[in-house]
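The structure under discussion appears below in the form of structure tokens.
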Amino acid sequence: MAAEASISQTGNRLDEQVRAAVRAELSGSLDELRRFVDRRIAELSTEIHATVQLVDYSETNLSGQLAGIHDQITQIVAMPAAAARNSGMELEAVVQATEVAANQIMEAAEAIGGWLREGRRDPESVEAVARKLNTIFEACTFQDLTGQRIRRAIEHLQHVEAMLAGLMQTHPEAAPASRTPTGAELGQGDIDTLFA
37 MAAEASISQT GNRLDEQVRA AVRAELSGSL DELRRFVDRR IAELSTEIHA TVQLVDYSET
97 NLSGQLAGIH DQITQIVAMP AAAARNSGME LEAVVQATEV AANQIMEAAE AIGGWLREGR
157 RDPESVEAVA RKLNTIFEAC TFQDLTGQRI RRAIEHLQHV EAMLAGLMQT HPEAAPASRT
217 PTGAELGQGD IDTLFA
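When we follow the numbering used here, the leftmost residue of the sequence shown carries the number 37, and every step to the right adds one.
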């Protein structure tokens, strides 16, 4: 039995020695593996944190842009309906005033032309011609009133245009690339199209 006990003790010592050798051999590798895993966890944590911040920034940016668009639309919608209607009414009044003035001028010119063709030179005819000439001059004053009305309509349209341009500033690439002719570049066809 003593031999068995000695073999058992030798086996236990051998087992402990093998375990110690394996621990010593694997200890460096396990420490290296632990450091690698810790490093990767830190890297992944940093990447996840950066991604979360980017998503938060994108949401905040998008939220801000949507709030800006909402504010612009609210301002456009909140404009008094009277202001929008007034622009149309102002332009309609310009058309009517122009038509009335043109008719008065043509009627007076026709009357004067008729008197001249008939060769009338009596004092009553001369006085009538003077009254018709005065009517022509009075009819020409329509331009001052129509100019004021057109300016008011243009100011309103420019205000709406500025608000819409503010909406487009968030995405300027979405704005159409076409260029609107101005001043001398405008032809009569362009003007007719505008008022059609």
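All residues carry an ideal CB built from backbone N, CA and C; glycine is no exception.
Non-local beta-carbon contacts of Gln140 in its own chain, meaning distances under 7 Å to residues more than five positions away in sequence, involve Thr171, Ala175 in chain order. Within the same chain, and ignoring the five residues on either side of Thr134 in sequence, the residues whose Cβ sits closer than 8 Å to its Cβ are Phe178, Thr182. Lys168 and Arg153 have their alpha carbons spaced roughly 16 Å apart. 8 Å or more divides the Cβ of Ala189 from the Cβ of Leu90. Within a 10 Å sphere around the beta-carbon of Val88 sit fewer than 16 other beta-carbons, which makes this residue exposed. Selection Trp151, Ala137, Ile105, Val136 evaluated against Gln205 yields Ile105 as nearest (Cα-Cα). For Ala166, the number of other beta carbons within 10 angstroms of its own is below 16, and it is reported as exposed.
For the 8 Å CB-CB criterion, Met199 and Gln101 do not form a contact. Beta-carbon to beta-carbon, Val130 and Ile186 are separated by about 6 Å, close enough to satisfy the 8 Å threshold.
In the three-state scheme derived from DSSP, where H, G and I count as helix and E and B as strand, Thr182 is classed as helix. In the three-state reduction of the DSSP assignment, Gly100 falls in the helix class.
Contact between Gly202 and Gln108 holds, with the beta-carbon distance rounding to 5 Å and staying under 8 Å. Rounded to the nearest whole angstrom, the C-alpha separation of Val73 and Glu79 is 10 Å. Ala138 sits away from Trp151, with the two beta carbons spaced by 8 Å or more. Taking C-alpha positions only, Asn48 is separated from Ala57 by approximately 14 Å. With distances taken between CA atoms, Glu191 lies nearest to Gly124 out of Gly124, Arg75, Ser65, Ser161.
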